[in-house]
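Engineer: Residue numbers (the UniProt record's numbering): 1 to 239.
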Amino acid sequence: MNAAVNQQMASTCTLDALQLIQLELKAPKSKYNSFGKFHYRSLEDILEGVKPLLQKYGATLVVSDEVQEIGPVVVITAKAVFTDAQGKQTMTTAHAGVEINKKGMDVAQTFGSSSSYARKYALNGLFLIDDTQDADTDAYHQQTNTQTRNNQQNTPAQNQQHNQNQQPAQQQRRQQNPTAQPNAAQQLTNDFQQALNAIHHTDKEADLGTIYKRFKGTRYEAQIVQACKAKKDMEGWSA
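Structure, rendered in structure tokens:
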């Protein structure tokens, strides 16, 4: 029995355990962002998918990160080290900036978010994981574009009449439900947190424009602009 196992392990090493894991690894996008309307793959999804394969091929994986300060920017560098049964090592690295003063998050949360992001992309490079979009993202943009075209067909006069008709009803609703305005403010805050998550996970530059339009003219506009700029810099997208 041991001889058979050893023979199988030797054959595996000849074929390269890392290559086999790259071929066999399944890490579906199990997480859903309700604001951006897309599915995404988390760090945990990758780790849960690779653990059984590491055991199968007698390999190990160590993921770590370190913090560096590059000028005024704090950067987390994640390192993923894969070691096969024969001791051969393969290493990949990935970087993520840390926004220390991100609204709604303490320092531990901002570092944790950047660490997860960097580790995820280090593993993406190691196991050749493609983070392209799902159909949900395309469907979301198609729906958004359709709504935009429909809204542009309304004439200024129609919009003015609509606003005049809405004002008495809105005043009456505010009188009857004094908590409506705070609830709306809370909803905007919730949407903002979802938007930051969407910016963090999206891999399509066009998503950033859609998210910005949602917050243009709100108190979160400047922070959304900053988050989008950081994402573009990180991905190497056009400024």
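For glycine and all other residues, C-beta sits at the position ideal for the given N, C-alpha and C.
Just the C-alpha distance for P28 and K120, rounded to the nearest angstrom, thanks.
Structural biologist: In a straight line, the C-alpha of P28 is about 13 Å away from that of K120.
Engineer: Just to check my reading of the structure: T93 and A59 have Cβ atoms closer than 8 Å, yes? What is that Cβ distance to the nearest angstrom?
Structural biologist: T93 to A59, Cβ: 19 Å. No contact.
Engineer: Would you kindly work out how many angstroms separate the C-alpha atoms of K103 and G217, rounded to a whole number?
Structural biologist: Taking the straight line joining both Cα atoms gives about 17 Å.
Engineer: Tell me whether the beta-carbon of T90 lies closer than 8 Å to the beta-carbon of L126.
Structural biologist: In contact: T90 and L126 (Cβ atoms closer than 8 Å).
Engineer: Please classify Y212: does DSSP put it in a helix, a strand, or coil?
Structural biologist: Three-state result, Y212: helix.
Engineer: In the DSSP assignment, find the alpha helix (DSSP H) that holds A85 and state where it starts and stops.
Structural biologist: Taken as a continuous stretch (DSSP letters only), A85 belongs to no alpha helix (DSSP H), as it is neither H nor E.
Engineer: Here's the rule: buried if 16 or more other CB atoms are within 10 angstroms of the residue's CB, otherwise exposed. What is V73?
Structural biologist: By the 10 Å Cβ count, V73 comes out exposed.
Engineer: Comparing alpha-carbon positions, which option in Y117, D191, T77 lies nearest I211?
Structural biologist: It is D191.
Engineer: Taking the alpha carbon of S230 as the point to measure from, which residue in E44, E205, A108 has its own alpha carbon closest?
Structural biologist: It is Ala, not Ser, that sits at residue 230 in the sequence shown. It is E205 whose Cα lies nearest to the Cα of A230.
Engineer: Are the beta-carbon atoms belonging to L25 and F82 less than 8 Å from one another?
Structural biologist: No. Outside cutoff.
Engineer: According to DSSP, F38 sits in a beta bridge with which residue or residues?
Structural biologist: DSSP lists N33 as partners of F38.
Engineer: Is it true that the CB of I21 sits closer than 8 Å to the CB of L43?
Structural biologist: No, the Cβ-Cβ distance between L43 and I21 is not below 8 Å.
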